[in-house]
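Here the sequence shown is numbered in our numbering, starting from 2 and rising by one per residue. The C-beta atom is built at its ideal place from N, Cα and C for all residues, glycine as well.
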Amino acid sequence: MKNILLLIHDDTGQEARLQVALDVTRMLNGHLTCLDVVIPPAAMTDDMLGGTVGVVLLADEVSRETLNRTRIEDRLAHEEVSWEWAEATGRIAPSLRDASRFADLIVVNRQLHDFPVPDMRAVAAEVIARSRKPVLAVPEDERRLDTECAMIAWNGSTSAMAALRQAIPLLARSERVLLVQVNEGAGDGSAEAAASYLSRYDIHVRIERIAASPEGVGPTLVDQAVRHQAGYIVAGGFGRARLAETLFGGVTRELLTNAPCPIFMAH
């Protein structure tokens with residue numbers, strides 16, 4: 002995991018994305034690609050407004066992102082990481098997908114509570130489903146990647162196995178790794194088999210089986226992440242098209258809405 006793709010856009014989640022992406026890049030001695038996305042205004046798709054109003058709004062967006070690029074590039078010049086800049090115009094998720102051919106990890110946000118536009122939960126879900134690359138979705142108030150404790154949300158599914166395998170470079174750098182299984186596993190992979198697999202990478206996990214709270218599996222995992230002060234969560238996930246049928250019956254949606262720490266997800 003050497004090639005990190007970071008979404009750049011002037012919104013309330015940008016600082017969190019940037020700080021976490023820098024931490025991951027340094028940790029893995031990797032290369033950071035900053036993709037600055039200019040989002041065309043909704044008026045551009047309206048025949049009645051797409052002329053004058055759409056052009057003015059697009060010009061404002063371009064101007065704002067140009068200033069944003071200047072600020073971010075000035076900071077990157079002093080961060081001592083390998084990086085490059087790329088630009089795209091369009092919706093965020095397709096732009097990230099198109100730029101992800103050589104990416105090993107894509108850094109976005111989970112839902113932004115303070116600023117609901119753009120819809121980062123939908124962006125993360127769509128990128129997970131369609132890019133076939135792991136995604137690190139961070140809360141908007143995050144300022145670093147804490148590797149003291151990693152929590153694996155385990156149910157034995159194919160998606161959970163994929164996330165676990167792809168997260169190995171991060172898990173190997175975590176001081177403690179906790180594998181949490183809520184209720185009985187839904188897939189064919191046992192928690193013990195997952196722990197044995199990780200042990201061959203010198204990653205030794207503690208297995209914890211718990212019952213779901215009345216609120217459901219998703220809130221239970223969020224509570225466990227808070228209780229154990231997890232620095233990040235590793236979980237399988239489905240994308241936007243299956244958001245109503247997500248992992249553990251809605252866990253992807255819950256984590257992308259309320260997780261207290263970054264979520265590493267793979268499809």
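Whole-number beta carbon distance between residue j and residue i, since they are thought to touch under 8 Å
{"i": "G232", "j": "L146", "result": "7 Å"}
{"i": "C150", "j": "R133", "result": "The pair is not a contact, with the Cβ atoms about 28 Å apart (cut-off 8 Å)."}
{"i": "D105", "j": "N4", "result": "5 Å"}
{"i": "A113", "j": "P263", "result": "For clarity, residue 113 is Leu in the given sequence; the question names Ala instead. The pair is not a contact, with the Cβ atoms about 14 Å apart (cut-off 8 Å)."}
{"i": "A17", "j": "P135", "result": "No, A17 and P135 are not in contact; Cβ-Cβ is about 18 Å, not under 8 Å."}
{"i": "I208", "j": "V183", "result": "With a Cβ gap of about 12 Å, I208 and V183 do not count as contacting."}
{"i": "H229", "j": "A163", "result": "At roughly 23 Å, the Cβ-Cβ gap does not stay under 8 Å, so H229 and A163 are not in contact."}
{"i": "A173", "j": "I204", "result": "6 Å"}
{"i": "S191", "j": "T148", "result": "Contact doesn't hold; Cβ gap of about 26 Å is too wide."}
Residues that residue i bridges to, as DSSP identifies them
{"i": "Y202", "result": "Y202 pairs with nothing; no bridge assigned."}
{"i": "Q182", "result": "W155 and R210"}
{"i": "I107", "result": "L6 and V136"}
{"i": "V21", "result": "None, per the DSSP bridge assignment."}
{"i": "T90", "result": "V39"}
{"i": "R177", "result": "C150"}
{"i": "S83", "result": "H32"}
Residue i - containing beta strand (DSSP E), residue span
{"i": "T13", "result": "T13 -> no beta strand (DSSP E), and no H or E assigned at all."}
{"i": "V235", "result": "Y233 to G237"}
{"i": "V227", "result": "Counting along the chain, V227 falls outside any beta strand (DSSP E), though it belongs to the alpha helix (DSSP H) covering V218 to R228."}
{"i": "I40", "result": "First-last for I40: undefined, no H or E at that position."}
{"i": "A267", "result": "I264 to A267"}
Span of the alpha helix (DSSP H), counted from its first residue to its last, around residue i
{"i": "S160", "result": "T159 to Q167"}
{"i": "L256", "result": "L248 to N259"}
DSSP three-state assignment for residue i, whether helix, strand or coil
{"i": "L33", "result": "strand"}
{"i": "A196", "result": "helix"}
{"i": "E141", "result": "coil"}
{"i": "S64", "result": "helix"}
{"i": "M49", "result": "Any reading at M49 must be qualified, since the residue scores a pLDDT of 46, below 50, and its modelled position is unreliable; no value is offered."}
{"i": "A245", "result": "For A245, the predicted structure reports a pLDDT of 38, less than 50, and the residue's modelled location is therefore unreliable. The matter cannot be settled from this model."}
{"i": "D99", "result": "helix"}
{"i": "L113", "result": "coil"}
{"i": "A78", "result": "coil"}
{"i": "V128", "result": "helix"}
{"i": "P215", "result": "coil"}
{"i": "P119", "result": "coil"}
{"i": "R27", "result": "helix"}
Under 9 Å between C-beta atoms of residue i and residue j
{"i": "V109", "j": "V128", "result": "yes"}
{"i": "T258", "j": "R122", "result": "yes"}
{"i": "E255", "j": "V218", "result": "yes"}
{"i": "E143", "j": "V21", "result": "yes"}
{"i": "L8", "j": "R76", "result": "no"}
{"i": "N69", "j": "D11", "result": "yes"}
{"i": "V1", "j": "L179", "result": "Given that the chain is displayed from residue 2 to residue 268, the structure contains no residue 1 and the question cannot be resolved."}
{"i": "M266", "j": "A78", "result": "no"}
{"i": "G91", "j": "P170", "result": "no"}
{"i": "L36", "j": "L6", "result": "yes"}
{"i": "G251", "j": "A154", "result": "no"}
{"i": "H32", "j": "E85", "result": "yes"}
{"i": "A195", "j": "G157", "result": "yes"}
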